[in-house]
DNA sequence: CAGCATCCAACACGATACTG
DNA sequence: CAGTATCGTGTTGGATGCTG
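Chains as they are written, first to last, in my numbering: chain Y, 1 to 113; chain E, 114 to 226.
And the structure:
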């Protein structure tokens with residue numbers, strides 16, 4: 001790593017750009033997060049439905065990514081006190097605000113791949 | 114991995130969404146790609162300028178990510194037949210078309226972190 | 001039903017040294 | 001100036017089996 005030069009004024013706008021983007025990419029960048037978020041855009045889904053809607057994901061990864069999305073405040077986990085257990089996942093307002101961005105990413109990908 | 118059920122019609126729109134997004138995220142998702150792309154939005158930059166504009170990156174990673182961006186057609190590498198050598202990097206049209214999307218990602222990140 | 005625990009492989013990324 | 005080469009590490013994610 002090179003030494004950082006104090007006269008090197010990489011300006012504030014650039015750092016904020018990097019920073020904001022890193023945050024967003026970390027939030028949606030997991031291997032299965034886009035798939036999960038997209039499935040949830042049309043409403044609440046039960047764990048088993050979500051799982052069956054993304055057949056390629058292992059349960060381990062599904063749960064891990066759901067937990068991260070929850071921790072980042074993008075989805076809400078709703079546990080019903082029933083037997084057998086029922087758990088549903090739903091986008092939060094923050095999560096919903098990502099929808100147009102996900103759409104943009106998808107559109108760009110479809111057009112350019 | 115669960116066995117894929119042939120009656121499980123995960124519909125075509127969903128698969129295209131995932132697919133397009135995966136493609137886009139792979140294109141911009143590298144650790145330093147957003148930083149590189151952003152630096153290039155205002156025009157051609159020389160290798161050493163780019164390097165000094167992102168002091169945290171090692172040369173190894175910078176070159177690797179530049180090569181991938183080039184392979185994906187987002188940037189163009191221009192080598193001048195001079196001594197000492199000079200190399201410049203520039204966004205392609207495809208790369209430029211990402212700018213508004215990067216801006217969205219940055220804005221969302223700034224607002225929500 | 002909705003997970004968790006364990007083990008393991010692949011890869012991304014960093015540090016450091018060297019070069020056409 | 002603009003890179004390569006080599007080595008080492010931490011994280012990501014997959015396979016498999018078990019559980020409140």
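C-beta: ideal position from N, C-alpha, C; glycine also.
Let's test the definition: count the other Cβ atoms within 10 Å of the Cβ of residue i and tell me whether it reaches 16, buried, or not, exposed.
i: residue 186(E); result: exposed
i: residue 143(E); result: buried
i: residue 147(E); result: buried
i: residue 93(Y); result: exposed
i: residue 83(Y); result: exposed
i: residue 17(Y); result: buried
i: residue 63(Y); result: exposed
How would you list, in chain order, the residues of chain E whose beta-carbon sits under 8 Å from the beta-carbon of residue i?
i: residue 29(Y); result: 138, 142
i: residue 105(Y); result: 133, 134, 137, 138, 214
i: residue 43(Y); result: What residue 43(Y) touches in chain E: nothing, since even the nearest Cβ is about 14 Å away.
i: residue 98(Y); result: 221
Starting from the beta carbon of residue i, find every residue of chain E whose beta carbon is closer than 9 Å, and list them in chain order.
i: residue 94(Y); result: 225
Name the chain E residues that come within less than 7 Å of residue i, Cβ to Cβ?
i: residue 70(Y); result: Under the 7 Å cutoff, chain E gives no residues; its nearest Cβ is about 15 Å from residue 70(Y).
List the residues of chain Y whose Cβ lies closer than 7 Å to the Cβ of residue i, in chain order.
i: residue 148(E); result: 18
What is the DSSP secondary structure of residue i, counted as helix, strand or coil?
i: residue 1(Y); result: In this predicted model, residue 1(Y) has a pLDDT of only 46, less than 50, meaning its place in the structure is not dependable; the value taken from the coordinates is given anyway. Here residue 1(Y) sits in coil by DSSP.
i: residue 83(Y); result: coil
i: residue 218(E); result: helix
i: residue 204(E); result: strand
i: residue 191(E); result: strand
Check whether the Cβ atoms of residue i and residue j sit closer than 8 Å, and answer yes or no.
i: residue 78(Y); j: residue 90(Y); result: yes
i: residue 149(E); j: residue 211(E); result: no
i: residue 105(Y); j: residue 134(E); result: yes
i: residue 43(Y); j: residue 75(Y); result: no
Original post:
Which residues, in chain order, does the segment 172-199 of chain E contribute to contact with chain Y at a C-beta distance below 7 Å?
Top reply: none
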